[in-house]
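So the structure is just underneath, and the comments pick up after that.
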Amino acid sequence: MKKETFVTKEQLEEIVNKYPTPFHLYDEKGIRENVKALKEAFSWNKGYKEYFAIKATPNPFLINILQEYGCGCDCSSKTELMLAKAIGATGDDIMFSSNDTPMEEFQYAHELNAIINLDDITHIEFLEKAIGTLPKKISCRYNPGGLFKISNDIMDNPGDAKYGMTTEQIKEAFKILKSKGVEEFGIHAFLASNTVTNDYYPMLAKVLFETAVEIQKETGAHVTFINLSGGIGIPYRPDQESNDIRAIGEGVRKVYEEVLIPANMGDIAIYTELGRFMMGPYGCLVTRAIHEKHTHKEYIGVDACAVNLMRPAMYGAYHHITVMGKENKICDHKYDITGSLCENNDKFAIDRMLPEIEKGDLLVIHDTGAHGFSMGYNYNGKLKSAEILLKEDGSTALIRRAETPQDYFATFDCFDLYNKLVEE
Ligand SMILES: Cc1ncc(COP(=O)(O)O)c(C=O)c1O
Numbered sequence: 001m002k003k004e005t006f007v008t009k010e011q012l013e014e015i016v017n018k019y020p021t022p023f024h025l026y027d028e029k030g031i032r033e034n035v036k037a038l039k040e041a042f043s044w045n046k047g048y049k050e051y052f053a054i055k056a057t058p059n060p061f062l063i064n065i066l067q068e069y070g071c072g073c074d075c076s077s078k079t080e081l082m083l084a085k086a087i088g089a090t091g092d093d094i095m096f097s098s099n100d101t102p103m104e105e106f107q108y109a110h111e112l113n114a115i116i117n118l119d120d121i122t123h124i125e126f127l128e129k130a131i132g133t134l135p136k137k138i139s140c141r142y143n144p145g146g147l148f149k150i151s152n153d154i155m156d157n158p159g160d161a162k163y164g165m166t167t168e169q170i171k172e173a174f175k176i177l178k179s180k181g182v183e184e185f186g187i188h189a190f191l192a193s194n195t196v197t198n199d200y201y202p203m204l205a206k207v208l209f210e211t212a213v214e215i216q217k218e219t220g221a222h223v224t225f226i227n228l229s230g231g232i233g234i235p236y237r238p239d240q241e242s243n244d245i246r247a248i249g250e251g252v253r254k255v256y257e258e259v260l261i262p263a264n265m266g267d268i269a270i271y272t273e274l275g276r277f278m279m280g281p282y283g284c285l286v287t288r289a290i291h292e293k294h295t296h297k298e299y300i301g302v303d304a305c306a307v308n309l310m311r312p313a314m315y316g317a318y319h320h321i322t323v324m325g326k327e328n329k330i331c332d333h334k335y336d337i338t339g340s341l342c343e344n345n346d347k348f349a350i351d352r353m354l355p356e357i358e359k360g361d362l363l364v365i366h367d368t369g370a371h372g373f374s375m376g377y378n379y380n381g382k383l384k385s386a387e388i389l390l391k392e393d394g395s396t397a398l399i400r401r402a403e404t405p406q407d408y409f410a411t412f413d414c415f416d417l418y419n420k421l422v423e424e
């Protein structure tokens, strides 16, 4: 089955003349259309706000685009907070959803007036120690445990996840926080990842809305926002159907009207912390076939490797591959598409049926716009690629340069050896 690329072969040939492969390419038009659709889908909720999960795609130029539509930043570490600050986000524009959080990171989040989302009840005391007080507005992360199911399908296993507080703990946390002067409360949960169904958010919303009603009744805490976090997935496989964000927004609205309105809690703002849904389909990894190898299997070696995209090696994740210019050719060759790491799992595809690939062919690896570049590492001394933006007018802009050996050796710059390492 086919999956369309957002760039044509002709466009790509021009781009590779300017920027050497491999690189991640992002589609400005797609990003803009998608964020507009998301905002529209939740426009029924007055306080709605998307906090883009920076960890998915920590590129300031891409996050700037989302900021134009009023999106904030969901940060999970000090450097992500620094990035948010550098692009002008402060206060309620930043959600600090971290876990196992070092004290200095709480301090920095507080300095920026970010909304802090506590992962555990013990973090109340820890946060007080860190910042000497508690903020007036705070969020707590909830984990009801058990399996998260939609009909009979197991979506994920929150009972096995390290995140969030139990039902008893979150109630207790709200009581403690209220007694210590906190005035505004949020509830956050992330119970399933990469869900390709319109039912996930509405089901999660039901769990959270009912919990909010119960908590407000029991503790008197004023819940002002509910954060549905991330988890809306994308169709990585060509036979999967995309989520319909309008149907998802309507599904959440229905539950809101059923649960929150009758409880007189119709002033609650809905927040989301989407990453994959915001950027995933609007990025691809462009790479070139540089070797073919015929041994016990048929291999095509490309110039990208797991350093540029780790998901297949890490999770066995499927990423569709288009051989540019051969979109309509019969997929009658079975290949492993490999990178150059000394790791046998460095394969972008295993036993994939593709058209015949020749050395020099350009391959587009789809849906790398989220949790793609950002997961990269430097094993084997391999360097991370550039990121390029394909703008709405068809022109391109470099939005992150490729790493150089100097970057790789930079942490030796306090030693004399450094000069030897970086001399050409
Ligand atoms: C706390 C938190 N929020 C949001 C996200 C974004 O999730 P997704 O990219 O699946 O939407 C993540 C992803 O790991 C997360 O850990």
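The sequence shown begins at 1 in full-length UniProt numbering and counts up by one.
Built from N, CA and C at the ideal position, the CB exists for glycine as well.
Worksheet entry | Boundaries of the beta strand (DSSP E) in which residue 283 is found, first to last residue | Indexing the sequence shown from 1 puts residue 283 at position 283. 283-294 is the extent of the beta strand (DSSP E) around residue 283.
Item to complete: Give every residue of the same chain whose Cβ lies closer than 6 Å to the Cβ of residue 33, excluding the five residues on either side of it in the sequence, and list them in chain order.
Response: In the sequence shown, counting from the first residue as 1, residue 33 sits at position 33. Excluding sequence neighbours, residue 33 sits near nothing in its chain.
Worksheet item: What does residue 225 pair with, by DSSP beta-bridge criteria?
Response: Looking up residue 225 in the sequence shown gives position 225. Paired residues: 186, 269.
Worksheet item: Should residue 33 be counted as a contact of ligand 1 given a C-beta to heavy atom distance under 7 Å?
Response: Within the sequence shown, the letter at position 33 stands for residue 33. Not so, every heavy atom of ligand 1 lies at least 7 Å from the Cβ.
Worksheet entry | Residue from 121, 239, 420, 257 whose Cα sits closest to the Cα of residue 165 | Counted from its first residue, the sequence shown places residue 165 at position 165. Cα-wise, what sits closest to residue 165 is 121.
Discussion item. By the three-class DSSP mapping on this structure, what secondary structure does residue 349 have?
Written reply: In the sequence shown, residue 349 corresponds to position 349, counting from 1. Correct three-state label for residue 349: strand.
Worksheet entry | Those residues which DSSP pairs with residue 396 across a bridge | Start at 1 with the first residue of the sequence shown, and residue 396 comes out as number 396. 390, per the DSSP bridge assignment.
Item to complete: Return the first residue and the last residue of the beta strand (DSSP E) that residue 52 is part of.
Response: Walking along the sequence shown from the start, residue 52 turns up at place 52. 49-53 is the extent of the beta strand (DSSP E) around residue 52.
Practice prompt. Using 7 Å as the cut-off, classify the Cβ of residue 298 as near or not near the heavy atoms of ligand 2, replying yes or no.
Written response: The model on display carries ligand 1 but not ligand 2.
Worksheet item: Rounded to a whole number of angstroms, what is the C-alpha to C-alpha distance between residue 413 and residue 360?
Response: Looking up residue 413 in the sequence shown gives position 413. Looking up residue 360 in the sequence shown gives position 360. Roughly 37 Å separates the two Cα atoms.
Worksheet item: When we look at the beta-carbon of residue 357 and count the other beta-carbons within 10 Å, is it buried (16 or more) or exposed?
Response: By 1-based counting over the sequence shown, the position of residue 357 is 357. Buried is the call here.
Worksheet item: So is residue 417 buried or exposed if we call it buried at 16+ other beta carbons inside 10 Å?
Response: Sequence index remark: in the sequence shown, residue 417 carries index 417 (1-based). The residue in question, residue 417, is exposed, as its Cβ has fewer than 16 Cβ neighbours within 10 Å.
Fill in: Pairwise C-alpha distance: residue 87 and residue 72
Indexing the sequence shown from 1 puts residue 72 at position 72. Indexing the sequence shown from 1 puts residue 87 at position 87. So the alpha carbons of these two residues sit roughly 10 Å apart.
Discussion item. Tell me whether the segment 181-189 and the segment 74-86 touch, counting them as touching only if at least three CB pairs, one residue from each stretch, are closer than 8 Å.
Written reply: no
Item to complete: Would you check if the distance between the CB atom of residue 157 and the CB atom of residue 196 is smaller than 8 Å?
Response: On the sequence shown, residue 157 is found 157 positions in, with the first residue counted as 1. On the sequence shown, residue 196 is found 196 positions in, with the first residue counted as 1. It is not a contact, given that the beta carbons lie outside the stated cut-off.
Fill in: Alpha-carbon to alpha-carbon, residue 370 and residue 55
Against the sequence shown, residue 55 aligns to sequence position 55. Against the sequence shown, residue 370 aligns to sequence position 370. Distance between the alpha carbons of residue 55 and residue 370: 8 Å.
Item to complete: Would you decide whether residue 180 is buried or exposed? Buried here means 16 or more other CB atoms lie within 10 Å of its CB.
Response: What you label residue 180 is simply residue 180 of the sequence shown in a count that begins at 1. Exposed.
Discussion item. Mapping the DSSP letters down to three states, classify residue 31 as helix, strand or coil.
Written reply: The count along the sequence shown starts at 1 and reaches residue 31 at position 31. Here residue 31 sits in helix by DSSP.
Item to complete: Report yes if the CB atom of residue 351 is closer than 8 Å to the CB atom of residue 332, and no otherwise.
Response: Residue mapping note: residue 351 aligns to position 351 of the sequence shown, counting from 1. Residue mapping note: residue 332 aligns to position 332 of the sequence shown, counting from 1. Not a contact, by the Cβ cut-off of 8 Å.
Worksheet item: Ordered along the chain, which non-local residues of its own chain (more than five positions away) have a Cβ less than 7 Å from that of residue 365?
Response: Counting from one through the sequence shown, the residue named residue 365 turns up at place 365. Hits under 7 Å: 284, 285, 287, 309, 319, 321, 348.
Discussion item. I want to check one thing, is the minimum distance from the CB of residue 147 to the heavy atoms of ligand 1 below 7 Å?
Written reply: Looking up residue 147 in the sequence shown gives position 147. Checking the Cβ of residue 147 against ligand 1 gives no.
Worksheet entry | Residue nearest to residue 62 in terms of C-alpha spacing, selected from 105, 163, 97, 24 | The residue you call residue 62 lines up with position 62 of the sequence shown. Of 105, 163, 97, 24, the residue nearest in Cα terms is 24.
Discussion item. Classify residue 67: buried if its beta carbon has 16 or more other beta carbons within 10 angstroms, exposed otherwise.
Written reply: In the sequence shown, the residue the question calls residue 67 occupies position 67. With 16 or more other Cβ atoms within 10 Å, it is buried.
Worksheet item: Tell me which same chain residues have a C-beta within less than 6 Å of the C-beta of residue 306, skipping the five on either side of it?
Response: If you number the sequence shown from 1, residue 306 lands on position 306. Result list for residue 306: 313, 339, 341, 346, in chain order.
Item to complete: Give me the Cα-Cα distance between residue 46 and residue 163, rounded to the nearest whole angstrom.
Response: In the sequence shown, the residue the question calls residue 46 occupies position 46. In the sequence shown, the residue the question calls residue 163 occupies position 163. So the two alpha carbons sit approximately 29 Å from each other.
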